[in-house]
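Trainee: Attaching a single structure in structure tokens format; questions to follow.
In our numbering, the protein residues as written are 7 to 208.
What follows is the structure, encoded as structure tokens:
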């Protein structure tokens, strides 16, 4: 009689390799994400804070037209509103007229009016010289000497005023001095003519 002994062994756990686990996990994930509908958008929840931007104008005025509504996207540099420009256009036209007048005065200054003033003053000196020559023929020595002194003084003043004017004109043309300085020199030059006329010997 043979005896067969039976040994009860506890059940062995099922061993699954790491590769098998990864494969199963991949299938589950593929199935999960593959069954979802693709909307092309990522949907998330959260809170977005927006910075306030204060918009201002360099000049004041009445608004003529608004180009955007609240909530519209605006790019940097785009006009949001248009202001009424009637007063600004009038001011611009006035400034242009002033500029044109200044250009005309400058052209007049550079082209000949001042040169004519110098020529006129030189003509007065020549006339006084001729008058002096006539007086030398019939006046006393003291009167001749006085006339010569007055003429020399008038000539000296005229030469100085003429030189100063020409120097200032050259500086003005280079932008190195103001128009006021040039006008002052011109006035000094013009003042020499009455002085010459007031002295018959001059």
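Idealized CB from N, CA, C, for every residue including glycine.
Put residue 34 into one of helix, strand or coil per three-state DSSP.
Mentor: The sequence position of residue 34 within the chain shown is 28, counting from 1. The answer is helix: DSSP assigns residue 34 an H, G or I state.
Trainee: Thinking just about the alpha-carbon of each residue, which of 172, 82, 64, 130 is nearest to the one in residue 89?
Mentor: To locate residue 89, count along the chain shown from 1; it is residue 83. For residue 89, the nearest C-alpha among the options comes from 64.
Trainee: My output table needs one value for residue 72: the three-state DSSP class, helix, strand or coil.
Mentor: Walking along the chain shown from the start, residue 72 turns up at place 66. Three-state result, residue 72: strand.
Trainee: With a CB to CB cut of under 6 Å and the five nearest residues on each side skipped, what residues in its chain are close to residue 167?
Mentor: As a position in the chain shown, residue 167 is number 161, starting the count at 1. Answer for residue 167: 194, 195, 198, listed in chain order.
Trainee: Over the uninterrupted beta strand (DSSP E) stretch that includes residue 88, give me the two end residues.
Mentor: Taking the chain shown and counting its residues from 1, one reaches residue 88 at position 82. First-last of the beta strand (DSSP E) with residue 88: 87-89.
Trainee: Please state the DSSP three-state secondary structure of residue 92.
Mentor: Sequence index remark: in the chain shown, residue 92 carries index 86 (1-based). If DSSP states are grouped into helix, strand and coil, residue 92 belongs with the helices.
Trainee: Does residue 180 come out as helix, strand or coil in the three-state DSSP assignment?
Mentor: If you number the chain shown from 1, residue 180 lands on position 174. Three-state result, residue 180: coil.
Trainee: At a cut of 8 Å, does the stretch 177-188 reach the stretch 152-168 through at least three beta carbon pairs?
Mentor: no
Trainee: Around the C-beta of residue 208, are 16 or more other C-beta atoms found within 10 angstroms, so that it is buried, or is it exposed?
Mentor: The residue labelled residue 208 in the question sits at position 202 within the chain shown. With a pLDDT of only 45 at residue 208, under the threshold of 50, the placement of this residue in the model should not be trusted; the figure read from the coordinates follows. It counts as buried.
Trainee: Work out the CA separation of residue 86 and residue 31 for me, nearest whole Å.
Mentor: In the chain shown, counting from the first residue as 1, residue 31 sits at position 25. In the chain shown, counting from the first residue as 1, residue 86 sits at position 80. Taking the straight line joining both Cα atoms gives about 56 Å.
Trainee: Taking only the alpha-carbon atoms, compute the straight-line gap between residue 80 and residue 74 and give it to the nearest angstrom.
Mentor: Sequence index remark: in the chain shown, residue 80 carries index 74 (1-based). Sequence index remark: in the chain shown, residue 74 carries index 68 (1-based). Cα to Cα, residue 80 sits roughly 8 Å from residue 74.
Trainee: Report yes if the CB atom of residue 91 is closer than 9 Å to the CB atom of residue 67, and no otherwise.
Mentor: Within the chain shown, the letter at position 85 stands for residue 91. Within the chain shown, the letter at position 61 stands for residue 67. Yes, these two residues count as a Cβ contact at 9 Å.
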